[in-house]
Amino acid sequence: MNSSDSAQSLGPSSRPAAATLEFRDATKRYPGQSEPAVDHLTLAVPAGEICVLVGPSGCGKTTAMRMVNRMIDITEGDILLDGSSVRERNPAALRREIGYAIQQIGLFPHLSVADNVATVPRLLGWPKDRIRQRVDEMLELVSLDPHETRGRFPAQLSGGQRQRVGVARALAVDPPLMLMDEPFGAIDPINRERLQNEFLRLQREIRKTIVFVTHDIDEAIKMGDRIAVMQQGGKLAQYAPPAELLMYPANRFVEDFVGADRALKRLALQRVRDVDLWKAPLVRVGEPVAEVRAKGADSEVPYPLLIDDAGRPLGWLSERALMGERVDGELRSKAEPVLDLEDVLRDALSALLAEEAQYGPVVNERGEVVGVLSIEILAHALRTDPDEVPSGADAV
Amino acid sequence: MTLAQVEIRDRSDTCEANNGFCPDWIADNFDRYVDPFFQHVLLTVLAVGIGFAISFTLALVAYRRRWLISPITQVTGILYTIPSIAAFFLLLPITGRGNDTALIALVAYVLLIIFRNVLAGLDNVPADTKDAGRGMGLTDRQLLWRVEVPLALPEIMAGLRIAATTTVGLATLAFFAGAGGLGEQIFADITFKSNVVVAGGLAVLLAAVLDGLILLVQRAITPWTRAVAAR
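Taken in order, these protein sequences are the chains called A and B. When the letters of the first sequence are read in order and numbered with our numbering, they come out as residues 42 to 437. When the letters of the second sequence are read in order and numbered with our numbering, they come out as residues 47 to 277.
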């Protein structure tokens, strides 16, 4: 009980925002089973990073995660949280310091949203006013309206809202480490995508150390700063950042698990802003044709792109538009697809293919054209090591 | 006052002489049922209360020590199957005539019902809810009282309702042990329809009211069970 008392007096603000986590030959053996569930797992998670444990079912990823907060006891080896062994901690006190979110969310159905979020603060004996304030803060953090949701029961929430409450509850005492076991597993694909993006945005703000378990390699690549691929028998097959995993799978198992489309998956790791865009002649209606021809000479894209006064793309000009002295507005085709600097390359490629287009104008947050993305650029990006791609496109 | 007339009437009137259903007689003689009725209420409430205390404790103990479930079920099962009249007569030489004897038999009878319902309620608490609770640092005791028992309340209350209505019925036999109650009235003049209808009717009414009361309490303490998709 000592440790929970000290957590109470310290409060969340004076604790470190994120902890380092280290598995040292952590092993779990169940009596009567020849193979260990987790076999000498060694890996380190730097503070503030998301480490994804991924692998087929039965690979021991959940067991490994549950050893961290001693929901499962370690047979051999150790796990260090901020340098000190979790084996020496009182399990209940340890768990109160570690955020915990699981697949079925596990909200308490008999308690209101506010009471659910207040669970750990109450265990730590926070004063009532502070708890009430904290609950509202947490609900706002996960984009829920406190006035509307506070008094509801979990049964009155949508799946996505329940998920958010689960995250708010796990974060309530600002834990330096979060454990998440397939937190988006029970959510339909469209909402899952949204929640993942929301969570990544949230993580940029809170910078927690997170252990994230999933069986879905795409989710792992999207969420992870580092990915630990585990295989049958609780063995670690590879531990690497997503790009490295996709470029250099350590063995046949990882290669198969990552999938035959791993080259395409790498496109999901880069955004349009990360590649060198091409230039196209940008023209406005009424401009002298001679100038347009001159612009075309030092552009990679042979077709002039018509823009409006605000610099927004209107469409690709037809040859006929350049027949006279000055440019008129006749278009060969519309500018579809218009891509955003923030789009990931995979989505950009998909948009180009869907429009059967070879080029797509890229716009910044104000909608102004800043360059053109082509199929060739994407093909080039696939051949390059993502780490070597210079960031910050400054074409046009 | 009409009371003067009442006392003139007796069983020599035609309706009562025929042992029929006589509203006038019922209206005039209702007060003789009041004391037995409250005896009956007391017996039922005490039996269910004590039975609940014992079987709830047994269920909590057996929930954590699963090996106890089978012996407890067997013992309470045997108690449940002993005909209650036989139980009264078996107990008479030991505990004598009176409330105690009746109570012991009635309590013995409800143990199985409540024990099984409490245990079923606890066992039906979703595993992921328990896992989340433990994962957030609730101790076993905190988990039990803050999560498992509250979530088991609907089943626990359902057990209480069955126990209460059953006990109202069984308590009509309690007069064999000398504990009075509505049963004593019924058997005092079992051929007279008016008497049987009133005493029996009160027992049925009592069962219905107790059942309704427990249901009301259940609704009050389990608000979440009705909070479904109010969006």
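Even glycine gets a Cβ: it sits at the ideal position worked out from N, Cα and C. These figures come from a predicted structure and were not determined experimentally.
Sequence-distant residues of the same chain with beta carbon closer than 7 Å to Y141 of chain A, five excluded per side:
N110, A211, L220
Tell me the DSSP secondary structure of G192 of chain A in three-state form.
coil
Quick one: residues in its chain with C-beta nearer than 8 Å to the C-beta of T119 of chain B, no 5 flanking neighbours on either side, listed in chain order?
L158, F161, R162
Tell me the rounded alpha-carbon separation between G274 of chain A and E296 of chain A.
18 Å
Can you tell me which of the three DSSP states S54 of chain A falls into?
Unreliable placement is indicated for S54 of chain A, whose pLDDT of 46 sits below 50; no coordinate value is reported for it.
Using only alpha-carbon positions, find the residue among A:E371, A:G370, A:S415, A:G356 that is nearest to A392 of chain A.
A:S415
8 Å Cβ cutoff, P150 of chain A in contact with chain B
yes
Closer than 7 Å, Cβ to Cβ, to anything on chain B: give me those residues from the segment 100 to 120 of chain A, in chain order.
N110, M112
Return no unless some Cβ of chain A is closer than 8 Å to the Cβ of W71 of chain B.
no
Interface residues of chain B facing V161 of chain A [CB-CB closer than 8 Å]
M182, G183
Any beta strand (DSSP E) of 3 or more consecutive residues that is wholly inside the segment 276 to 362 of chain A:
276 to 281, 346 to 348, 354 to 358
Beta-carbon proximity list for I267 of chain B, same chain, < 7 Å, skipping 5 on both sides:
L199
Grouping DSSP H, G and I as helix and E and B as strand, with all else coil, what is A254 of chain B?
helix
Under 8 Å between beta-carbons, which chain B residues line up against L164 of chain A? List them in chain order, please.
M182, G183, L184, Q188
Could you check whether the Cβ of P196 of chain B sits closer than 8 Å to any Cβ belonging to chain A?
yes
Who are the neighbours of W270 of chain B on chain A, taking C-beta pairs under 7 Å?
P150, H151, F194, A196
Would the beta-carbon of V161 of chain A fall within 8 Å of that of G183 of chain B?
yes
Tell me whether V171 of chain B sits in a helix, a strand or coil according to DSSP, three-state version.
coil
In whole angstroms, give me the CA-to-CA distance for G327 of chain A and D369 of chain A.
6 Å
So what does DSSP say about V368 of chain A, is it helix, strand or coil?
coil
Using the C-alpha atoms, what's the distance from L89 of chain B back to P69 of chain B?
28 Å
May I ask you to list, following chain order, the residues of the segment 375 to 399 of chain A that have a beta carbon less than 9 Å from some beta carbon of chain B?
none
With 16 other Cβ atoms within 10 Å as the buried cut-off, status of Y289 of chain A
exposed
Coarse secondary structure for Q272 of chain A, derived from DSSP in three states:
strand
Segment limits, alpha helix (DSSP H) that includes G229 of chain B:
228 to 234
Which residue wins for smallest C-alpha separation from V195 of chain B, given the options B:P172, B:V214, B:A217?
B:P172
Alpha helix (DSSP H) runs contained entirely in the segment 174 to 214 of chain B, provided each spans 4 or more residues
186 to 189
Do the CB positions of R303 of chain A and L287 of chain A come within less than 8 Å of each other?
yes
Please classify H421 of chain A: does DSSP put it in a helix, a strand, or coil?
helix
From the DSSP output, in three-state form, read off T271 of chain B for me.
helix
Contacts around L15 of chain B, its chain only, beta-carbon distance under 8 Å, and the 5 residues preceding and following it disregarded:
Residue 15 of chain B lies beyond the residue range present for chain B, which begins at 47 and ends at 277; the question has no answer from this structure.
What did DSSP end up calling L223 of chain A once you bin it into helix, strand or coil?
At residue 223 of chain A the sequence reads Glu, which differs from the Leu that was named. DSSP places E223 of chain A in coil when its eight states are reduced to three.
Under 8 Å Cβ to Cβ from L372 of chain A, same chain only, skipping five residues before and after it: list those, please.
L347, L355, G356, W357, L358, S359, A362
Within 8 Å (strictly less), CB to CB, does T212 of chain B reach chain A?
no
Taking 8 Å as the threshold, find out whether the segment 64 to 76 of chain A comes into contact with the segment 221 to 229 of chain A through three or more Cβ pairs.
no
Cα-Cα separation between L114 of chain B and S101 of chain B, rounded to whole angstroms
13 Å
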